[in-house]
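Asker: All residue numbers for the sequence shown refer to our numbering, where the first residue is 4 and numbers rise by one.
Cβ coordinates follow ideal geometry from the N, Cα and C atoms, glycine included.
Please see the structure below; I have some questions.
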Amino acid sequence: MNESLTAMIRERVEKIETMPAIPAVFLPLLKLLSATEEDVKVDEVVRLVSYDNTIAAQCLRLASSPLFGLAQPPKSIKGAVISLGMRRVETILMTCCLGQAFPVKKWVLDPEVFWRHSLGCAMVCRKFSEKLANSDHEKAYMAGLLHDIGFMVNCLSFPNEFAKVMEWACQEGIPLWDAELARMGFTHCETGEALAEKWHLDDDVADVILHHHAIEQSQKAQGLVALVHLSDLLCRMRGLGYGYYERHMVDLIADPAWSILAKEHRELEGMDLVRFTFELDETVEEIHELVATVFGAAPVGA
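Right, here's the structure in full:
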């Protein structure tokens with residue numbers, strides 16, 4: 004991509020009037036909640052949730068929804084966290100935090116579909132990472148969650164162009180990434196990387212955002228990029244994609260990303276991939292339930 008196009012993307016990202024700064028509690032919450040559920044301390048989550056009144060109110064409102072089926076609606080943040088469970092709270096917090104930055108009414112892409120894929124990819128990345136020695140589970144979760152954040156930018160900064168791209172991709176049956184490149188000259192990868200720079204996200208996560216469709220171009224965190232790419236494919240195979248030319252049957256071991264990741268993690272050679280794939284079905288079901296409940300209980304970022 005030439006320098007003038009890169010500069011244009013960055014300039015338009017900077018001028019998104021509806022995009023406030025990243026919520027102050029977002030990164031601390033992400034760091035805390037990306038740990039294993041057993042290691043997360045309820046009081047720490049409550050403290051961070053309570054720091055932001057909007058998020059605290061949303062958490063209580065959602066916890067009181069009959070959709071969660073709680074016998075006794077919680078009357079405190081701590082009660083809500085305990086009643087909902089850490090993973091439900093995780094979903095609520097992520098959608099609320101980023102919902103503040105990207106109001107749903109501004110979206111061109113269906114936000115519920117986006118969150119199913121992003122949260123699904125985050126959870127698959129964490130599960131995948133847990134199978135690997137010396138792997139940073141926290142960073143894997145963050146990278147999976149944010150890898151497609153450029154779609155958010157495109158919805159706000161390039162709404163007309165992006166709407167036409169999605170329509171064309173659907174009509175022609177081509178990958179959305181290819182359609183973006185053909186019609187816009189850039190993709191959600193570049194706009195996402197520009198946002199990552201604006202928000203001062205981790206360099207490795209920014210590398211994933213930029214290169215998850217072009218792993219071989221990664222110079223910083225190629226192993227992490229490969230892990231996210233494979234998790235992305237797994238999500239699409241299990242019905243957590245966007246609906247634009249999804250590949251439901253993929254030989255993951257034949258994908259170049261597998262070889263790249265295997266160079267850093269030899270234990271992949273003994274991994275029972277079939278079993279791991281089917282184990283994800285429970286995660287997929289959980290994601291559908293959580294996202295449907297969050298969006299059904301109250302508008303996020305309306």
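(1) Alpha carbon to alpha carbon, what distance is there between LEU236 and PHE281?
(2) What did DSSP end up calling LEU8 once you bin it into helix, strand or coil?
(3) Who are the Cβ neighbours of HIS291 in its own chain at under 7 Å, not counting the five residues just before and after it?
(4) Could you check what DSSP says for GLY188 in three-state terms: helix, strand or coil?
(5) Between the alpha carbons of LYS109 and LYS167, how many angstroms are there, rounded?
(6) Taking only the alpha-carbon atoms, compute the straight-line gap between GLY165 and GLN75 and give it to the nearest angstrom.
(7) Quick one, which of ALA172, SER132, SER121, MET169 has its alpha-carbon nearest GLY147's?
(8) Is ARG278 buried or exposed, if buried means 16 or more other CB atoms sit within 10 Å of its CB?
(9) Does the separation of the CB atoms of ILE58 and VAL52 fall below 7 Å?
(10) Leaving out five residues on either side along the sequence, give the residues of the same chain with a beta carbon under 8 Å from the beta carbon of LEU233.
(11) How many whole angstroms separate the CB atoms of ILE212 and HIS150, which I take to be in contact at a CB cut-off of 8 Å?
(12) Would you tell me roughly how many angstroms separate the C-alpha atoms of LEU63 and GLU93, rounded to the nearest one?
(13) Whose C-alpha, out of GLU196, ASP284, SER221, is nearest the C-alpha of ILE209?
(14) So, with DSSP's three-state summary, where would you put LYS134?
(15) So LEU198 and THR190 are supposed to be a Cβ contact under 8 Å. How far apart are they, rounded?
(16) Please go through the same chain and pick out, in chain order, the residues whose beta-carbon is closer than 7 Å to the beta-carbon of ARG13, but skip the five residues on each side of it.
(17) Within a Cβ cutoff of 6 Å, which residues of the same chain sit near PRO31, ignoring the five residues on either side of it in sequence?
(18) With 16 other CB atoms within 10 Å as the buried threshold, where does VAL127 fall?
(19) Return the Cβ separation of MET274 and LYS134 in integer angstroms, given the expectation that the two are a contact with Cβ distance under 8 Å.
(20) Using the beta-carbon count (16 or more within 10 Å), is GLU193 buried or exposed?
(21) Residues in its own chain within less than 7 Å of VAL111 by CB, not counting five upstream and five downstream?
(22) Counting C-beta neighbours from all protein chains within 10 Å, is the total for GLY102 16 or more, i.e. buried, or is it exposed?
(23) If VAL28 sits next to ASP55, beta carbons under 8 Å apart, how far is it from one beta carbon to the other, in whole angstroms?
(24) Report the three-state DSSP secondary structure of SER53 (helix, strand or coil).
(25) Under 6 Å Cβ to Cβ from THR286, same chain only, skipping five residues before and after it: list those, please.
(26) PRO26 and CYS124 - do their beta-carbons sit closer together than 7 Å?
(27) Is SER79 closer than 7 Å to ALA2 when the C-beta atoms are compared?
(28) How long is the line joining the alpha carbons of LYS201 and PHE117, rounded to whole angstroms?
Answerer: Put simply:
(1) As a position in the sequence shown, residue 281 is number 278, starting the count at 1. As a position in the sequence shown, residue 236 is number 233, starting the count at 1. PHE281 and LEU236: Cα-Cα distance of roughly 14 Å.
(2) Reading the sequence shown from its first residue, position 5 is the one you call residue 8. DSSP places LEU8 in helix when its eight states are reduced to three.
(3) Reading the sequence shown from its first residue, position 288 is the one you call residue 291. Here the set comprises ARG119.
(4) Reading the sequence shown from its first residue, position 185 is the one you call residue 188. Coil.
(5) Along the sequence shown, read from residue 1 onward, the residue named residue 109 stands at position 106. Along the sequence shown, read from residue 1 onward, the residue named residue 167 stands at position 164. LYS109 and LYS167 have their C-alpha atoms roughly 15 Å apart.
(6) Along the sequence shown, one-based indexing puts residue 165 at 162. Along the sequence shown, one-based indexing puts residue 75 at 72. Note that residue 165 corresponds to Phe in the displayed sequence, not to Gly. Spanning the two alpha carbons is a distance of roughly 44 Å.
(7) Taking the sequence shown and counting its residues from 1, the one referred to as residue 147 is at position 144. The option with the nearest alpha carbon to GLY147 is SER121.
(8) Mapped onto the sequence shown, residue 278 falls at position 275. Exposed.
(9) Residue 58 sits at position 55 when you count from the first residue of the sequence shown. Residue 52 sits at position 49 when you count from the first residue of the sequence shown. Yes. Within cutoff.
(10) Counting from one through the sequence shown, the residue named residue 233 turns up at place 230. Cβ-Cβ distances below 8 Å link LEU233 to PHE131, LEU255, ASP258, ALA260, TRP261, LEU264 in the same chain, with the five nearest sequence neighbours on each side left out; the list follows chain order.
(11) The residue given as residue 212 occupies position 209 in the sequence shown. The residue given as residue 150 occupies position 147 in the sequence shown. Taking 8 Å as the upper bound for CB-CB distance, ILE212 and HIS150 are in contact here, some 6 Å apart.
(12) The count along the sequence shown starts at 1 and reaches residue 63 at position 60. The count along the sequence shown starts at 1 and reaches residue 93 at position 90. For LEU63 and GLU93, the distance between alpha carbons rounds to 14 Å.
(13) Translated into positions along the sequence shown, residue 209 becomes position 206. It should be noted that the sequence gives Ala, not Ile, for residue 209. The candidate whose alpha carbon is nearest that of ALA209 is GLU196.
(14) To locate residue 134, count along the sequence shown from 1; it is residue 131. Shown here, LYS134 sits in coil according to DSSP, grouped into three states, outside any helix or strand.
(15) Within the sequence shown, residue 198 is the residue found at index 195, counting from 1. Within the sequence shown, residue 190 is the residue found at index 187, counting from 1. Actually they do not touch by this definition, with Cβ atoms about 13 Å apart.
(16) For the purposes of this step, residue 13 is taken as residue 10 along the sequence shown, with counting starting at 1. These residues qualify, in order along the chain: ALA197.
(17) In the sequence shown, residue 31 corresponds to position 28, counting from 1. Here the set comprises LEU51.
(18) As a first step, residue 127 is located in the sequence shown; it is residue number 124 there, counting from the start. By the 10 Å Cβ count, VAL127 comes out buried.
(19) Along the sequence shown, one-based indexing puts residue 274 at 271. Along the sequence shown, one-based indexing puts residue 134 at 131. Sure, about 6 Å apart at Cβ, within 8 Å.
(20) Reading the sequence shown from its first residue, position 190 is the one you call residue 193. Buried is the label assigned to GLU193, since at least 16 other Cβ atoms lie within 10 Å of its Cβ.
(21) Locating residue 111 in the sequence shown gives position 108, where the first residue counts as 1. Within the same chain, VAL111 has close Cβ partners CYS158, PRO162, PHE165, ALA166, MET169.
(22) Within the sequence shown, the letter at position 99 stands for residue 102. The residue in question, GLY102, is buried, as its Cβ has 16 or more Cβ neighbours within 10 Å.
(23) As a working note, residue 28 is residue 25 in the sequence shown. As a working note, residue 55 is residue 52 in the sequence shown. About 5 Å separates the two Cβ atoms, so the contact holds.
(24) By one-based count along the sequence shown, residue 53 stands at place 50. Residue state for SER53 is assigned as helix, using DSSP reduced to three classes.
(25) As a position in the sequence shown, residue 286 is number 283, starting the count at 1. If we look at THR286 and ignore the five residues flanking it on each side, its Cβ neighbours are MET126.
(26) As a working mapping, residue 124 is identified with position 121 in the sequence shown. As a working mapping, residue 26 is identified with position 23 in the sequence shown. Their beta carbons are not under 7 Å apart, which means CYS124 does not touch PRO26 by this criterion.
(27) As displayed, the chain neither begins before 4 nor continues past 305, which places residue 2 out of reach and without an answer.
(28) Walking along the sequence shown from the start, residue 201 turns up at place 198. Walking along the sequence shown from the start, residue 117 turns up at place 114. Inter-residue distance for LYS201 and PHE117 is about 21 Å (C-alpha atoms, whole angstroms).
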